[in-house]
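Peer 1: Quick one: this structure, given as structure tokens, is what I'll be asking you about.
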Amino acid sequence: MIKYQCYSYYCHYVMVFLFMCHIMATVYALDCQTIQPTTRDLCKPTDPEYPMCQHIRNNMSNYDYRYDYEDPFNGSSEIPAHIAVLASFLMAMGTFLMTFGFRIFTLTIAIVGFIIGATIAWICLIAGEDSMPGYVYSNQALLYSLVCYGTGLLFAAVAIYFYTPTMYLGLGGFVGYVITIFALSWKNDLVFGDSIALRHVISIFCFGTAAVVTLFFIEFFAVCFLTSFLGAYLFMLGLDSIVHKGLVKGPRAMLYPNHHLTYSVNADTYGMLAGVIELCFFFTLFQLFFNKGRRFGLNVVIDEVNKHINEKEVP
1 MIKYQCYSYY CHYVMVFLFM CHIMATVYAL DCQTIQPTTR DLCKPTDPEY
51 PMCQHIRNNM SNYDYRYDYE DPFNGSSEIP AHIAVLASFL MAMGTFLMTF
101 GFRIFTLTIA IVGFIIGATI AWICLIAGED SMPGYVYSNQ ALLYSLVCYG
151 TGLLFAAVAI YFYTPTMYLG LGGFVGYVIT IFALSWKNDL VFGDSIALRH
201 VISIFCFGTA AVVTLFFIEF FAVCFLTSFL GAYLFMLGLD SIVHKGLVKG
251 PRAMLYPNHH LTYSVNADTY GMLAGVIELC FFFTLFQLFF NKGRRFGLNV
301 VIDEVNKHIN EKEVP
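For the sequence shown, the residue numbers in full-length UniProt numbering are 1 to 315.
Right, here's the structure in full:
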């Protein structure tokens, strides 16, 4: 007879608590952040965007500043508060997935749901804001943070409830999609230029399907690899949000909903991409060794009395 001790029974409650603490930290950081003029707001009258710059300058108390991917620190040496919090959160989630992604699988499923929900919310917010030229959300950084985190929490709860579908479609399909973004990020303009539809078709029907099928047939190895890769990618995205070497521009160009964005690769970007491969390789081996003989969130314990009885019954 085999008894199971489940170590992840309360993981989703811990997850909710940690996410709420992170949201409160984000709100506090944004509330304490001092808004300063940025380089892109110092427009000259001859610039074509001068009227919009004047509008933003005259209503400075009503607007935050969108994170500028070309000038990430807005002309200063200081990291924006919400970017620092986001980077720390991405690196923490990445570290967890690389080390305990298989062992505490319930929390892994919740993190996958959270990332999917937050990504969908970001795409919707970007699409809504860019659909109105010259319009900027009021309290923009706070709005993006709360909507993305809140939607992510909702998706995390749904992912835990629909555990099995999320395991295959969420972990398999979504991470397969992320692998496609990673692969396309090695070349300028994501290989296919402005063929946005072709990128997504290849992502969903090739890499996504392949990951789901692999997960179905070789479950243990696939879970260790997929969680390690997603963790490595999130960790490097969080790091790139601080050091700004160009890695974050790849998924931004891939997921931007309104129009084509130019994406270029340099030596720093190659270094960040290579870092993802190194972390993924090392932690895949680590998880394969660390979780040998284990099942999802369960530690198999042999009941010694029943084992002794069963051994006596064997002729």
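Glycine included, each C-beta is placed from N, C-alpha and C at the ideal position. Predicted, not measured: the structure shown is a model, and the values here were computed from it.
1) Alpha carbon to alpha carbon, how far is Ile160 from Leu169?
2) State the Cα-Cα distance for the pair Phe225 and Pro165, rounded to the nearest angstrom.
3) Using CA coordinates, which residue listed in Leu279, Lys245 and Phe286 is at the minimum distance from Ala267?
4) Can you grab the Cα-Cα spacing for the pair Ala141 / Ala211, in whole Å?
5) Roughly how many angstroms lie between the CA atoms of Ser185 and Leu247, to the nearest whole one?
6) In the DSSP assignment, find the unbroken alpha helix (DSSP H) run with Met91 in it and report its ends.
7) Out of curiosity, what's the CA-to-CA distance linking Lys187 and Ser145?
8) Roughly how many angstroms separate the alpha carbons of Cys124 and Phe217, rounded to a whole number?
9) Mapping the DSSP letters down to three states, classify Ser131 as helix, strand or coil.
10) Please say whether Leu234 and Val94 have beta carbons closer to each other than 8 Å?
11) So, at 7 Å on beta carbons, what are the nonlocal neighbours of Tyr137 in its own chain, with the 5 sequence-adjacent residues on each side left out?
12) Quick check on DSSP: helix, strand or coil for Ser228?
13) I need the boundaries of the alpha helix (DSSP H) containing Ile268, first residue and last residue.
14) So what does DSSP say about Ser264, is it helix, strand or coil?
15) Below 8 Å CB to CB, which residues in the same chain sit around Thr151 once its five sequence neighbours on both sides are set aside?
16) How close, in whole Å, do the beta carbons of Ser228 and Thr180 come, if the pair is a contact with beta carbons under 8 Å?
17) Using CA atoms only, rank isn't needed, just tell me which of Ala92, Leu255 and Phe89 is closest to Phe182.
18) What separation, rounded to the nearest whole angstrom, lies between the Cα atoms of Ile79 and Val175?
19) Give me the Cβ distance between Ile242 and Ala87, rounded to the nearest whole Å; I'm assuming they're in contact under 8 Å.
20) Go through its chain and collect everything with a Cβ distance to Thr269's Cβ below 7 Å, but skip five positions before and after it.
21) Determine the burial state of Lys292: buried for a count of at least 16 other Cβ atoms within 10 Å of its Cβ, exposed for fewer.
22) What number of angstroms, rounded off, separates the C-alpha of Leu230 from the C-alpha of Gly250?
23) Tell me which residues share the same chain as Gly172 and place their Cβ nearer than 6 Å to its Cβ, disregarding the 5 neighbours each side in the sequence.
24) Apart from the five residues just before and just after Ser264, which ones in its own chain have a Cβ nearer than 7 Å to its Cβ?
25) Looking only at its chain, what residues have a beta carbon closer than 7 Å to the beta carbon of Val178, apart from the 5 residues adjacent to it on each side?
26) When the Cα of Val223 is compared with those of Leu273, Phe286, Leu153 and Gly238, which residue comes out closest?
27) Using the Cβ count rule (16 or more neighbours within 10 Å means buried), how would you classify Phe282?
28) Between the C-alpha atoms of Thr106 and Phe290, what's the straight-line distance to the nearest angstrom?
29) Could you check if residue 334 is buried or exposed, using at least 16 other CB atoms within 10 Å of its CB as the buried criterion?
30) Using only alpha-carbon positions, find the residue among Thr209, His82, Met167 and Ala156 that is nearest to residue 364.
31) Return the chain-ordered list of same chain residues with a C-beta closer than 7 Å to the C-beta of Phe155, the five sequence neighbours on each side being excluded.
Peer 2: Let's see:
1) As a working mapping, residue 160 is identified with position 160 in the sequence shown. As a working mapping, residue 169 is identified with position 169 in the sequence shown. Distance between the alpha carbons of Ile160 and Leu169 is about 13 Å.
2) Taking the first residue of the sequence shown as position 1, residue 225 is located at position 225. Taking the first residue of the sequence shown as position 1, residue 165 is located at position 165. Going by the C-alpha atoms only, they are around 19 Å apart.
3) For the purposes of this step, residue 267 is taken as the residue at position 267 of the sequence shown. Per the Cα distances, Lys245.
4) Looking up residue 141 in the sequence shown gives position 141. Looking up residue 211 in the sequence shown gives position 211. Approximately 34 Å, taken between the alpha carbons.
5) Within the sequence shown, the letter at position 185 stands for residue 185. Within the sequence shown, the letter at position 247 stands for residue 247. The straight-line gap from Cα to Cα measures roughly 8 Å.
6) Within the sequence shown, residue 91 is the residue found at index 91, counting from 1. First-last of the alpha helix (DSSP H) with Met91: Ala81 to Phe100.
7) Residue mapping note: residue 187 aligns to position 187 of the sequence shown, counting from 1. Residue mapping note: residue 145 aligns to position 145 of the sequence shown, counting from 1. Rounded to whole angstroms, Lys187 to Ser145 spans 30 Å at the Cα level.
8) Here residue 124 is taken as the residue at index 124 of the sequence shown, counted from 1. Here residue 217 is taken as the residue at index 217 of the sequence shown, counted from 1. Approximately 35 Å between the Cα atoms of the pair.
9) In the sequence shown, counting from the first residue as 1, residue 131 sits at position 131. Coil, per DSSP.
10) Here the question's residue 94 lines up with position 94 in the sequence shown. Here the question's residue 234 lines up with position 234 in the sequence shown. The sequence shown places Gly at residue 94, not Val. Yes, the Cβ-Cβ distance between Gly94 and Leu234 is below 8 Å.
11) In the sequence shown, residue 137 corresponds to position 137, counting from 1. The answer, listed in chain order, is Glu129 and Leu143.
12) The residue you call residue 228 lines up with position 228 of the sequence shown. Correct three-state label for Ser228: helix.
13) If you number the sequence shown from 1, residue 268 lands on position 268. Note that residue 268 is Asp in the sequence shown here, rather than Ile. Counting along the chain, the alpha helix (DSSP H) containing Asp268 begins and ends at Ala267 to Phe290.
14) For this step, residue 264 is matched to residue 264 along the sequence shown. The answer is coil: DSSP assigns Ser264 none of H, G, I, E or B.
15) The residue labelled residue 151 in the question sits at position 151 within the sequence shown. If we look at Thr151 and ignore the five residues flanking it on each side, its Cβ neighbours are Gly117, Ala118, Ile120 and Ala121.
16) Mapped onto the sequence shown, residue 228 falls at position 228. Mapped onto the sequence shown, residue 180 falls at position 180. Contact doesn't hold; Cβ gap of about 17 Å is too wide.
17) Taking the first residue of the sequence shown as 1, we reach residue 182 at position 182. Checked all of Ala92, Leu255 and Phe89; the closest Cα to Phe182 is Leu255.
18) Working through the sequence shown from its first residue, we reach residue 79 at position 79. Working through the sequence shown from its first residue, we reach residue 175 at position 175. For Ile79 and Val175, the distance between alpha carbons rounds to 29 Å.
19) Working through the sequence shown from its first residue, we reach residue 242 at position 242. Working through the sequence shown from its first residue, we reach residue 87 at position 87. With 8 Å as the limit, Ile242 and Ala87 qualify as a contact, their Cβ atoms being about 5 Å apart.
20) By 1-based counting over the sequence shown, the position of residue 269 is 269. Excluding positions up to five away in sequence, the list reads Lys245, Gly246 and Leu247.
21) Taking the first residue of the sequence shown as 1, we reach residue 292 at position 292. The residue is exposed, with fewer than 16 neighbouring Cβ atoms inside 10 Å.
22) Position 230 of the sequence shown, counted from the first residue, corresponds to residue 230. Position 250 of the sequence shown, counted from the first residue, corresponds to residue 250. Near 15 Å, if we compare the C-alpha coordinates of Gly250 and Leu230.
23) Along the sequence shown, read from residue 1 onward, the residue named residue 172 stands at position 172. Excluding residues within five positions, the ones whose Cβ falls inside 6 Å are Ala211, Val212 and Leu215.
24) Position 264 of the sequence shown, counted from the start, is the residue given in the question as residue 264. Within the same chain, Ser264 has close Cβ partners Asn188.
25) Indexing the sequence shown from 1 puts residue 178 at position 178. Around Val178: Leu230 and Tyr233.
26) The count along the sequence shown starts at 1 and reaches residue 223 at position 223. Ranking Leu273, Phe286, Leu153 and Gly238 by Cα distance to Val223 puts Phe286 first.
27) Numbered from its first residue, the sequence shown carries residue 282 at position 282. That one is exposed.
28) Your numbering for residue 106 matches position 106 in the sequence shown. Your numbering for residue 290 matches position 290 in the sequence shown. C-alpha separation (whole angstroms): 17 Å.
29) What is shown of the chain runs 1 to 315, which leaves residue 334 out entirely.
30) Summary: the structure shown does not reach residue 364, with the chain confined to residues 1 through 315, and so no result is reported for it.
31) In the sequence shown, the residue the question calls residue 155 occupies position 155. So the qualifying residues of the chain are Gly113, Phe114, Ile116 and Gly117.
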